[in-house]
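Visitor:
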Ligand code: GLN
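Numbering (our numbering), first residue to last: 18 to 321.
In C-alpha cells form, the structure reads like this:
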C-alpha cells in the first residue's frame with residue numbers, strides 16, 4: 018500500500034525549505050497580493066479517500082484551470098460541434114500568444130490557450146441565459162459545494178489590464194469566430210478565471226475526469242469518450258509551452274493557472290491539486306510542478 022499521507026507531508030516539508038519559489042504573477046495586479054510562502058496539496062482517490070497537507074483548504078484564484086471546466090460544460094452542451102471552432106493541437110507557445118490565430122484564420126490551436134478559451138466562453142455566452150450564474154451553479158453542483166464564488170476584485174482587476182485578451186477577442190471577432198460582442202465574452206472569461214477554489218474543491222471538481230465523466234455523487238456529466246478527449250488535451254496542451262516538460266517530469270494530464278494552482282489526475286486512481294503562487298518563466302507554479310514530480314516518482318503512479 019502506498020502511503021500518500023507521508024509522501025505529501027514530505028513534499029510540504031520540502032516546499033517550506035525551498036528558497037527559489039518562483040515569482041508571483043503581477044500582470045493581473047490583484048494576484049500580486051498573495052504570499053509566495055503558501056503551499057498546499059490535496060489528493061482525492063477513486064475510493065473517495067482524501068489526503069491533505071499544507072494550506073490545502075485556503076482558496077485562491079484558479080485562473081486558467083477554469084478553462085477545463087468551461088470546456089467540460091460546453092462539450093456537454095454542444096458535443097463535437099465545438100471542434101469546428103477550436104483545434105486540438107499543442108501550440109508550443111505561451112498562453113497569451115496571438116500569432117497562430119492570424120496564421121490559422123481565427124481557429125485557436127486548442128481550448129487552453131487564451132484565444133481558445135475565449136471561443137469556449139463565447140459558446141457558453143451564446144447558449145446560456147445567465148452565463149456567469151449558470152457556470153457557477155455548474156461548478157457548485159459538480160463539487161457539491163455551494164460556498165464556491167467568483168472573486169470580483171480579481172475579475173475587475175483583470176478587466177482593467179487584460180489588453181492581450183482584448184486583442185485576442187478582437188482578432189477572433191475579425192475572423193468571424195466570436196459570435197457575441199467582445200465585452201460580454203471577456204466579462205464572462207474574466208469571471209470564470211477569477212473563480213476562487215481551494216485544493217480540496219479542485220480535486221472534487223476534477224473527479225469526473227478521473228472517473229469516466231461521473232461525479233462523486235454518481236451523476237454523469239460527460240461520456241467516457243468526451244473525458245478521454247479532455248484528458249488528452251490536458252496532457253498535450255495543459256501547460257502551454259511547457260506541456261512536454263510536465264509530461265516528462267510528472268506524467269499526468271493536468272492544468273495550471275497563473276494563480277499558482279495545478280490539478281492533475283491519473284484515470285481510475287486519483288486526482289491531485291497543488292497550490293504554490295510563485296511561477297516559473299512559463300507561467301506554471303514552480304513548486305507545484307516539483308511537488309507533482311516528487312509525487313509520481315515516489316508513488317510510481319503516472320500514466321506512463
Ligand atoms: N486570466 C488569465 C489570462 O487570461 C489566465 C492565464 C493563466 O492562468 N495561464 O491571462
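Even glycine gets a Cβ: it sits at the ideal position worked out from N, Cα and C.
Since we're looking at a predicted model, the values are computed, not measured.
Closer than 7 Å: is that where the CB of residue 175 sits relative to any heavy atom of the ligand GLN?
Guide: Position 158 of the chain shown, counted from the first residue, corresponds to residue 175. True, at least one ligand heavy atom lies under 7 Å from that Cβ.
Visitor: Measuring only the C-alpha atoms, how far is residue 154 from residue 140?
Guide: The residue labelled residue 154 in the question sits at position 137 within the chain shown. The residue labelled residue 140 in the question sits at position 123 within the chain shown. Rounded to whole angstroms, residue 154 to residue 140 spans 17 Å at the Cα level.
Visitor: Might you give, ordered along the chain, the residues of its own chain that have their beta carbon closer than 7 Å to the beta carbon of residue 226, omitting 5 neighbours on each side?
Guide: In the chain shown, residue 226 corresponds to position 209, counting from 1. Contacts found: 244, 247, 248, 282.
Visitor: Along the beta strand (DSSP E) that carries residue 47, what are the first and last residues, could you check?
Guide: Within the chain shown, numbered from 1, the residue matching residue 47 stands at position 30. Note, residue 47: premise wrong, no beta strand (DSSP E); not H, not E.
Visitor: What residues come near the ligand GLN, if near means a beta carbon less than 6 Å from any of its heavy atoms?
Guide: So the residues near the ligand GLN by this Cβ test are 80, 81, 112, 113, 131, 175, 182, 210, 274, 275, 300.
Visitor: Could you check if residue 303 is buried or exposed, using at least 16 other CB atoms within 10 Å of its CB as the buried criterion?
Guide: Locating residue 303 in the chain shown gives position 286, where the first residue counts as 1. Buried: at least 16 other Cβ atoms inside 10 Å.
Visitor: If you reduce the DSSP assignment to three classes, tell me which class residue 36 lands in.
Guide: To locate residue 36, count along the chain shown from 1; it is residue 19. Note: residue 36 maps to coil in three-state DSSP.
Visitor: Does the count of Cβ pairs from the stretch 192-202 and the stretch 70-78 closer than 8 Å reach three?
Guide: no
Visitor: Return the CA-CA distance between residue 146 and residue 84, expressed in angstroms with no decimal places.
Guide: Against the chain shown, residue 146 aligns to sequence position 129. Against the chain shown, residue 84 aligns to sequence position 67. Rounded to the nearest whole angstrom, the C-alpha separation of residue 146 and residue 84 is 20 Å.
Visitor: Smallest Cα separation from residue 128: which of 116, 52, 103?
Guide: Here residue 128 corresponds to residue number 111 of the chain shown, with the count starting at 1. Checked all of 116, 52, 103; the closest Cα to residue 128 is 103.
Visitor: Is the CB-CB distance between residue 63 and residue 156 below 8 Å?
Guide: Translated into positions along the chain shown, residue 63 becomes position 46. Translated into positions along the chain shown, residue 156 becomes position 139. No; because the gap between Cβ atoms is not below 8 Å, this pair is not in contact.
Visitor: So, with DSSP's three-state summary, where would you put residue 282?
Guide: For this step, residue 282 is matched to residue 265 along the chain shown. Residue 282: strand per DSSP, three-state reduction.
Visitor: DSSP state of residue 296, grouped into three classes?
Guide: Here residue 296 corresponds to residue number 279 of the chain shown, with the count starting at 1. Looking at residue 296 - three-state DSSP - the assignment turns out to be strand.
Visitor: From 195, 72, 192, pick the residue whose C-alpha is nearest to that of residue 26; which is it?
Guide: The residue given as residue 26 occupies position 9 in the chain shown. For the residues 195, 72, 192, the minimum Cα distance to residue 26 belongs to 72.
Visitor: Could you name the residues that DSSP lists as bridge partners for residue 62?
Guide: Within the chain shown, numbered from 1, the residue matching residue 62 stands at position 45. DSSP lists 287 as partners of residue 62.
Visitor: Is there contact between the stretch 179-188 and the stretch 113-122, where contact requires at least three CB pairs shorter than 8 Å?
Guide: yes
Visitor: Exposed or buried, which one is residue 36 when buried takes at least 16 other CB atoms within 10 Å?
Guide: Walking along the chain shown from the start, residue 36 turns up at place 19. Counting every other CB atom within 10 Å of its CB across the protein chains shown gives residue 36 a total below 16, marking it as exposed.
Visitor: Going by DSSP, what residues sit across from residue 166 in a beta bridge?
Guide: For the purposes of this step, residue 166 is identified with residue 149 of the chain shown, where counting begins at 1. Bridge partners of residue 166: 213.
Visitor: Could you say which of 212, 237, 197, 109 lies nearest to residue 164 if we only look at CA atoms?
Guide: Along the chain shown, read from residue 1 onward, the residue named residue 164 stands at position 147. Minimum Cα distance to residue 164 is reached at 212.
Visitor: Run the CB neighbour count on residue 209, radius 10 Å, all protein chains shown included, and call it buried at 16 or more, exposed below.
Guide: One-based indexing of the chain shown puts residue 209 at position 192. So residue 209 counts as buried.
Visitor: Within the same chain, show all residues whose beta-carbon is closer than 7 Å to that of residue 196, passing over the 5 residues directly before and after it, in chain order.
Guide: Along the chain shown, read from residue 1 onward, the residue named residue 196 stands at position 179. Closer than 7 Å at the Cβ level, and outside the excluded window around residue 196, lie 139, 143.
Visitor: Apart from the five residues just before and just after residue 253, which ones in its own chain have a Cβ nearer than 7 Å to its Cβ?
Guide: Residue numbering aside, residue 253 sits at position 236 when the chain shown is read from its first letter. Contacts found: 107, 260.
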